[in-house]
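Each residue of the sequence shown is one higher than the last, beginning at 312 in the working numbering. Where a beta carbon is used, it is the ideal one built from N, C-alpha and C, also for glycine. Below is one structure, written out as structure tokens, with a few remarks after it.
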Amino acid sequence: MLNLGCLIDGEDYNRLVPLSSVDSIPAASYIMTVTDGPESDMSTELNLHVIEFQSVSIVVGFTLPESVKIEKEIEFLFTTQPTADRPMPSDIKFVLEFSDEKRSSAHAGNELEKLEYIGTFLEKKYEKTKATFYLLDYKGIGSQEK
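In structure tokens, the structure reads:
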């Protein structure tokens, strides 16, 4: 089972605390594939895995290295920064099944440009529904660019 983690802000963390005693919460998931437009000479493709935790208005999008494959189940861990009221926040874990649903979009550019494009697009989309969007680059696309 793939284990992933996300550092979230305190307000989002507080919404998860009452659910910390359960193993799973309702979630929808899909893979967003960003390809080059038909007019582009490039041939890069970016896969962004997206999980919507609807009951707590949190959405997480993440890239994975090519060597890491998602099996049916994922364990997702949430934590937050320590504060005076919460010096050592507990990890909150949920297990979920990742869907085979695929969605697609087109944007010309390298992987970093595609990641910036789809991250901004999804952030604006989920902002309309009052959900917080977190973008995690486990593939290290941002650190590869010079």
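Label VAL371 either buried or exposed according to how many other C-beta atoms from any shown protein chain fall within 10 Å of its C-beta, with 16 as the threshold for buried. Translated into positions along the sequence shown, residue 371 becomes position 60. Burial call: buried.
Is it the case that the Cβ atoms of SER340 and ILE403 are separated by a distance below 7 Å? Along the sequence shown, read from residue 1 onward, the residue named residue 340 stands at position 29. Along the sequence shown, read from residue 1 onward, the residue named residue 403 stands at position 92. Contact: no.
Go ahead and pull the three-state DSSP assignment for HIS385. Translated into positions along the sequence shown, residue 385 becomes position 74. With the sequence shown as reference, residue 385 is identified as Ile, and His is not the correct amino acid for it. It is a strand residue.
Measuring straight from C-alpha to C-alpha, what distance separates LEU407 and SER335? Here residue 407 refers to the residue found at position 96 of the sequence shown. Here residue 335 refers to the residue found at position 24 of the sequence shown. Using only the alpha carbons, I get a separation of about 6 Å.
Please check the pair VAL345 and LEU357, which I expect to be a contact at CB under 8 Å, by giving their CB distance rounded to whole angstroms. If you number the sequence shown from 1, residue 345 lands on position 34. If you number the sequence shown from 1, residue 357 lands on position 46. Their Cβ separation, rounded to whole angstroms, is 4 Å, which keeps VAL345 and LEU357 in contact under 8 Å.
Same chain, Cβ closer than 6 Å to THR443, five either side skipped, listed in chain order: Walking along the sequence shown from the start, residue 443 turns up at place 132. These residues qualify, in order along the chain: ASP323 and ILE369.
What would DSSP say about THR390, mapped onto helix, strand or coil? Here residue 390 is taken as the residue at index 79 of the sequence shown, counted from 1. Residue state, collapsed to three classes: strand.
Taking the alpha carbon of MET312 as the reference point, which residue from GLY453, LYS383, LEU446 and ASP448 has its own alpha carbon closest? Counting from 1 along the sequence shown, the entry for residue 312 is found at position 1. That would be LYS383, whose Cα lies nearest to the Cα of MET312.
ARG397: first and last residue of the uninterrupted alpha helix (DSSP H) it sits in: Stepping through the sequence shown from its first residue, residue 397 is reached at position 86. Note, ARG397: premise wrong, no alpha helix (DSSP H); not H, not E.
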